[in-house]
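Accompanying notes for the structure given below.
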Amino acid sequence: MLILVNLVQVNHRREINCLECQEKLVGRRDQKFCCDYCRNTFNNRINEDANAIVRKINSILRKNRRILYKLNPNGKKTVHLIQLAELGFNFHYYTNSYSTKNGHQYFFCYDMGYRAIENQEFLLVHKQDYVS
């Protein structure tokens, strides 16, 4: 990340301006902002693209979890691919995966999981304490 500091040489003194509002800074030599508001505004603008991506992904993960819970509130259930697709489930996003000793691969959205079984059906499960 590139941060520029505005420096102006005046009478052998360095004049430093706030990175956000360009107001002259008085105080510490390493100071970059005149107040908390300018510091927060500057950093929020720098990070807004990354935050937007994270918000989008978290939204998809929460939606996936809500769908899994709606279809399986009690622990274990088999559902067809079409049921998941109709509700808008996105198979590209999950928080973690778990492989069993039998070679079954489970995908989890937080504490709600699923695995493909047969004929486009999925087994939905709740995460157990021993699965990490």
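152 is the number that the working numbering gives to position 104 of the sequence shown; each next residue is one higher, with no gaps.
Virtual Cβ for every residue (Gly too), placed ideally from N, Cα, C.
What you are looking at is a predicted structure, and each value in this text was computed from that prediction instead of being measured.
Length of the line joining the Cα atoms of residue i and residue j
i    : j    : result
K80  : T143 : 38 Å
Q176 : E169 : 21 Å
S147 : R87  : 45 Å
V200 : F156 : Coverage of the chain is limited to positions 49 through 180, which leaves residue 200 absent and any answer about it impossible.
F90  : I105 : 24 Å
E166 : Y85  : 56 Å
R76  : A98  : 31 Å
I101 : N92  : 14 Å
G136 : L129 : 11 Å
CB of residue i within 7 Å of CB of residue j, strictly
i    : j    : result
H174 : R163 : no
M160 : L116 : yes
Y158 : R114 : no
K125 : L172 : yes
Assigned exposure category for residue i - 16 Cβ within 10 Å defines buried
i   : result
Q57 : Residue placement at Q57 is poorly supported in this model, since its pLDDT is 49, which falls under 50; the coordinates still yield a value, given next. Exposed, since its Cβ has fewer than 16 Cβ neighbours within 10 Å.
I64 : buried
Rounded distance between the beta-carbons of residue j and residue i, thought under 8 Å
i    : j    : result
Y141 : I108 : 5 Å
L73  : C83  : Actually they do not touch by this definition, with Cβ atoms about 10 Å apart.
Under the three-state DSSP convention, the category residue i falls into
i    : result
N135 : A small fix is needed here, since residue 135 is Leu in this sequence, not Asn. Three-state DSSP puts L135 in coil, outside helix and strand.
V127 : strand
L67  : coil
E169 : strand
K104 : helix
F156 : strand
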